[in-house]
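In the working numbering, the protein residues as written are 2 to 364.
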């Protein structure tokens, strides 16, 4: 009986150990099975020309979003860039909000404040829509290419619908290619204007509405009385800035196409740039605010004339494609109101090499 009991006890221990170890061994078994199913592919390089990219790129940005301490905003934009050989490239960019409600936070708040309260409880200046303009160029300090490798996703036209969405595609690694690198020196100008919350700016600088005075020295009130209740006077104002930026950038360009034996042709034609800029605002102004027919000057508000940003821009060397970008930093603005983070997406992005010349011969 003792022997049977110990034997049964040992069998239980063995089963428990098997049940415990099976989940640990399962990933290895699945991995081994997956490795057996991985295909072996051969490929042929169709072209590898990182210097043969299009010259002009123009994209419409249906959406951008910006968390900006001066004014949170979102909207649309247009951006263009031009590459001149291996010497320099130029960039122009414009963006603005769709409307006050989508999305121009302080402009919308100012409009609602004017609509909700009497002339006693709001300033009467017309709030400005957010607008942003940027013009700049990058000089190619060093433009060269190096041997590199890339990876490409294996795809077939038969991989459609549910089959494509439910599978984890294979990737071909270590495909040799050239990568073009550009060390750039950047210079440009930025102009923007917006509505901002001056009450918040005053609070950040430990000031009150009384810091805003008329030319005769009369201070703006902090509170007013309406229907027997004391209310805080919220102050909104318009700001505008002209900035100059200088900085550096690093660009990676790949333009390689490969033909696989059992899969569709694949392309890696990405153009990615990272950059860092120092910004300086030689011109920054905050409009006087109008309250009950009198203008109150804003010269008591302090501004921060220097800022910085780090960012990334990416696009693809295709006639019709898309692009992406983002920035993070501190923009020259009112003290305490300069932090910003922005992202943007462009689709469609049209590009061309501007080469329409053909050879002609007389008969």
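Using N, Cα and C, we set each Cβ at its ideal position, and we do this for glycine too.
Going by other Cβ atoms of all chains shown within 10 Å of its Cβ, with 16 needed for buried, is residue i buried or exposed?
i: residue 355; result: exposed
i: residue 284; result: exposed
i: residue 218; result: exposed
i: residue 124; result: buried
i: residue 102; result: exposed
i: residue 352; result: buried
i: residue 47; result: exposed
i: residue 35; result: Residue confidence is low: residue 35 scores 45 on pLDDT, short of 50, so the model does not pin down where it sits. Its coordinate-derived value is still stated next. Per the 10 Å Cβ criterion, exposed.
i: residue 342; result: exposed
i: residue 198; result: buried
i: residue 51; result: buried
i: residue 175; result: exposed
i: residue 333; result: buried
i: residue 213; result: buried
i: residue 321; result: exposed
i: residue 259; result: buried
i: residue 292; result: buried
i: residue 257; result: buried
i: residue 196; result: buried
i: residue 324; result: buried
i: residue 345; result: buried
i: residue 287; result: buried
i: residue 126; result: buried
i: residue 100; result: exposed
i: residue 111; result: buried
i: residue 267; result: buried
i: residue 180; result: buried
i: residue 294; result: exposed
i: residue 290; result: buried
Among residues of its own chain, excluding the 5 on either side of residue i, which ones have a beta-carbon nearer than 7 Å to its beta-carbon?
i: residue 250; result: 139, 185, 187, 274, 275 and 276
i: residue 96; result: 62, 65, 76, 77, 78 and 133
i: residue 305; result: 333, 334, 336 and 339
i: residue 232; result: 122, 224 and 225
i: residue 84; result: 54, 56 and 90
i: residue 58; result: 81, 82, 316, 350 and 352
i: residue 222; result: 210 and 234
Counting only the same chain and skipping the five closest in sequence on each side, list residues whose C-beta sits under 8 Å from that of residue i.
i: residue 309; result: 277, 278, 279, 280, 330 and 331
i: residue 208; result: 301 and 302
i: residue 7; result: Low local confidence applies: a pLDDT of 48 at residue 7 is under 50, so the model's placement there is unreliable, with the coordinate-based value given in what follows. Answer for residue 7: no residue qualifies.
i: residue 264; result: 42, 155, 156 and 157
i: residue 109; result: 101 and 102
How far does the beta strand (DSSP E) with residue i in it reach, from first residue to last?
i: residue 1; result: Residue numbering for the chain in the displayed model covers 2 to 364; residue 1 lies beyond these limits and cannot be assessed.
i: residue 410; result: Since the displayed the chain opens at 2 and closes at 364, residue 410 lies outside it and no answer follows.
i: residue 45; result: 44-49
i: residue 74; result: 74-85
Here's a check: name, in chain order, each residue in its chain whose Cβ is nearer than 6 Å to the Cβ of residue i, leaving out the five neighbours to either side.
i: residue 75; result: 66 and 104
i: residue 371; result: What is shown of the chain runs 2 to 364, which leaves residue 371 out entirely.
i: residue 115; result: 123
i: residue 68; result: 342
i: residue 194; result: 129, 132 and 241
i: residue 261; result: 42 and 44
i: residue 328; result: 310, 312 and 343
i: residue 183; result: 141, 144 and 252
i: residue 246; result: 189, 278 and 280
i: residue 73; result: 106
So does residue i have its beta carbon nearer than 7 Å to some heavy atom of the ligand COA?
i: residue 125; result: Questions concerning the ligand COA fall outside what the structure shown contains, since it holds no ligand whatsoever.
Taking 8 Å as the CB-CB cut-off, is residue i touching chain C?
i: residue 236; result: Within the model displayed, chain C is absent; a lone protein chain is all it includes.
- Message: Check whether the region 273-290 and the region 302-316 are in contact - that is, three or more C-beta pairs closer than 8 Å.
- Response: yes
- Taking only runs of the beta strand (DSSP E) that begin and end inside the region 261-345, which ones reach a length of at least 3 residues, in chain order? 267-269, 271-287, 290-292, 295-297, 307-317 and 321-331
- Query: Could you give the uninterrupted runs of the alpha helix (DSSP H) lying entirely in the region 90-119, keeping only those of 4 residues or more?
  - Reply: 106-117
- Message: As an exercise, report each continuous beta strand (DSSP E) stretch of at least 3 residues that is fully enclosed by the region 205-246, in chain order.
- Response: 224-227 and 230-233
- Report yes or no: do three or more beta-carbon pairs, one from the region 98-112 and one from the region 130-145, lie closer than 8 Å? yes
- Touching or not, the region 286-305 and the region 315-325, by the rule of three or more beta carbon pairs under 8 Å? no
- Which parts of the region 128-164 are runs of the beta strand (DSSP E), unbroken and 3 residues or longer, counting only runs that do not cross its ends? 132-154
- Query: Are at least three pairs of beta-carbons, each pair with one atom in the region 227-238 and one in the region 135-153, less than 8 Å apart?
  - Reply: no
- Task: Mind the definition here: the region 140-148 touches the region 221-233 only if three or more C-beta pairs lie below 8 Å; say whether that holds.
- Result: no
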